[in-house]
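Position in the sequence shown (first residue = 1) + 1042 = the working numbering. Have a look at the structure below before the remarks.
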Amino acid sequence: MRDLNSIASPKVKKCAKRRKKRDWGALWRFLGKCFVETPRMFMAWCLPRYRRVNQIVRKRDWAGICRRFLLVSGYLLLLVVAGVCCYNGARQLRNSRFFRVENIVVENQQRVSKEDILEAAELVPGMGLFNVDTRQTSFRIKRIKWIKTATVERSLPLRRVRIHVTEREPVAIVKLDHFYYVDDEGVLFKMLESGDKLDFPVISGIDREHFVNEPENSREFLMTALQLLGELKKRQVFNLDKVSEIHFNRQGDLYLFTMEGGISIRMGTEHFSRKLDHLERVYGEVQQNVTKLKGIDLNVENQVVVKLNTSQGD
1043 MRDLNSIASP KVKKCAKRRK KRDWGALWRF LGKCFVETPR MFMAWCLPRY RRVNQIVRKR
1103 DWAGICRRFL LVSGYLLLLV VAGVCCYNGA RQLRNSRFFR VENIVVENQQ RVSKEDILEA
1163 AELVPGMGLF NVDTRQTSFR IKRIKWIKTA TVERSLPLRR VRIHVTEREP VAIVKLDHFY
1223 YVDDEGVLFK MLESGDKLDF PVISGIDREH FVNEPENSRE FLMTALQLLG ELKKRQVFNL
1283 DKVSEIHFNR QGDLYLFTME GGISIRMGTE HFSRKLDHLE RVYGEVQQNV TKLKGIDLNV
1343 ENQVVVKLNT SQGD
């Protein structure tokens, strides 16, 4: 009889080769390996320290750790001790006799006494030179009404404190609810008291309530009046000595009142130099007829309008 394999067709032989027995043991080993290794790989990826689980654990060198700890602690303690020593040394040096103030010099004061300045500055001989705060001392001195600026300097070799002040100079008296000195910057710095000098022109017509509620506008009024005073100081014929008062009316125009006869001169608010030039050309004749004058208007362009007390008119 023939062998069946020799009789079968090539296709049958090919199918027979495919039908081999499956290796189920290898399959189960592969699945078990995946089941075990996958979590381990995941843990190794998420927690890097997990990778060192299977490494050899070395014994800690506690003696070396203690030596390093003691060395670092010693350095820190040394730094703390050095800092405390430096602080106490600097403190003792600042309070030593060599750095004490022996002399306090006050310069350029005229109206304010040296004693008042030292009292405001809170400086006394014998205090520590480095304990003098120049900025705060200058601020305290400038609280004095007459003081405009104050410079405080320390001199280590001479153990001296030098104070240089600049006092405010009154240029006029402003009439509000009381009379106040005003300087060339338009600052009201002192209320007049008994014994103060009164030989300054008076600026009137500024309401106190307006001055408090609208300081910027009031300051503009004052600066306009001070500008007129500056022009009068330059004059030879009609100068500041012939003016007793500068008055603002309700419209904000400036009026001058002369010392002789109290004649009112309307100046307006601008072009003071040109208007005073016009006034000086006729002032000689005006002086001869002071009793007949009612007022002078210079707020007309290129004209001097003289008002008379008679019924004849201008």
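Heads up, the beta-carbon is just placed ideally off N, CA and C, and yes, glycines get one too. In this text the structure is predicted, and so the values were computed from the model without any measurement.
For residue j and residue i, the rounded distance between their alpha carbons
i: Y1092; j: L1119; result: For Y1092, the predicted structure reports a pLDDT of 47, less than 50, and the residue's modelled location is therefore unreliable. The matter cannot be settled from this model.
i: E1343; j: Q1278; result: 23 Å
i: Q1329; j: K1275; result: 20 Å
i: I1146; j: F1231; result: 27 Å
i: Y1325; j: D1319; result: 10 Å
i: W1066; j: L1073; result: 11 Å
i: E1149; j: D1175; result: 19 Å
i: N1047; j: R1071; result: Confidence is the limiting factor: at N1047 the pLDDT is only 48, short of 50, which leaves the residue's position unreliable, though a coordinate-based value still follows. Computed Cα separation, rounded: 36 Å.
i: R1201; j: R1139; result: 10 Å
i: R1323; j: G1304; result: 20 Å
i: E1302; j: L1271; result: 18 Å
i: D1356; j: F1221; result: The predicted model places D1356 with a pLDDT of 43, which falls under 50 and marks its position as unreliable; any figure quoted below should be read in that light. Taking the straight line from one Cα to the other gives about 36 Å.
i: G1237; j: G1310; result: 34 Å
i: D1249; j: L1268; result: 17 Å
Opening and closing residue of the alpha helix (DSSP H) in which residue i lies
i: R1250; result: 1250 to 1255
i: K1317; result: 1314 to 1330
i: D1158; result: 1156 to 1163
i: S1236; result: Unbroken run through S1236: none, as it is neither H nor E.
i: I1186; result: First-last for I1186: undefined, no H or E at that position.
Cutoff 9 Å: residue i Cβ touching any chain D Cβ
i: K1349; result: The structure shown contains no chain D; it is built from a single protein chain.
Identified DSSP bridge partners for residue i
i: N1145; result: R1202
i: S1246; result: H1289
i: A1214; result: V1224
i: G1170; result: R1142
i: F1299; result: E1287, S1306
i: L1350; result: L1335
i: T1208; result: T1191
Own chain residues within Cβ distance below 6 Å of residue i, not counting five before or after
i: T1179; result: A1163, V1194
i: T1191; result: T1208
i: V1095; result: With a pLDDT of only 49 at V1095, under 50, the local geometry of the prediction cannot be trusted, and the value read off the model is given with reservation. Hits under 6 Å: none found.
i: L1282; result: L1274, K1275
i: T1300; result: K1284
i: F1181; result: none
i: D1158; result: none
i: D1339; result: R1308, V1347
Anticipated Cβ contact below 8 Å, residue i with residue j, distance rounded
i: I1205; j: I1189; result: With 8 Å as the limit, I1205 and I1189 do not qualify as a contact, their Cβ atoms being about 10 Å apart.
i: G1337; j: S1315; result: 21 Å between Cβ atoms; not a contact.
i: I1215; j: L1234; result: 7 Å
i: D1225; j: V1213; result: 6 Å
i: L1196; j: G1228; result: Contrary to the premise, residue 1196 reads as Arg rather than Leu in this sequence. At roughly 34 Å, the Cβ-Cβ gap does not stay under 8 Å, so R1196 and G1228 are not in contact.
7 Å CB neighbourhood of residue i in its chain, flanking five on each side removed
i: N1291; result: G1247, Y1297
i: R1153; result: W1188, E1209
Endpoints, beta strand (DSSP E) assigned at residue i
i: E1028; result: Residue coverage of the chain in this structure runs from 1043 to 1356, which leaves residue 1028 outside it and unanswerable.
i: R1308; result: 1306 to 1310
i: F1231; result: 1230 to 1233
i: I1338; result: 1335 to 1339
Beta-carbon contacts of residue i that lie in its chain and below 8 Å, excluding the five residues immediately before and after
i: E1327; result: none
i: V1123; result: none
i: F1253; result: L1218, S1260
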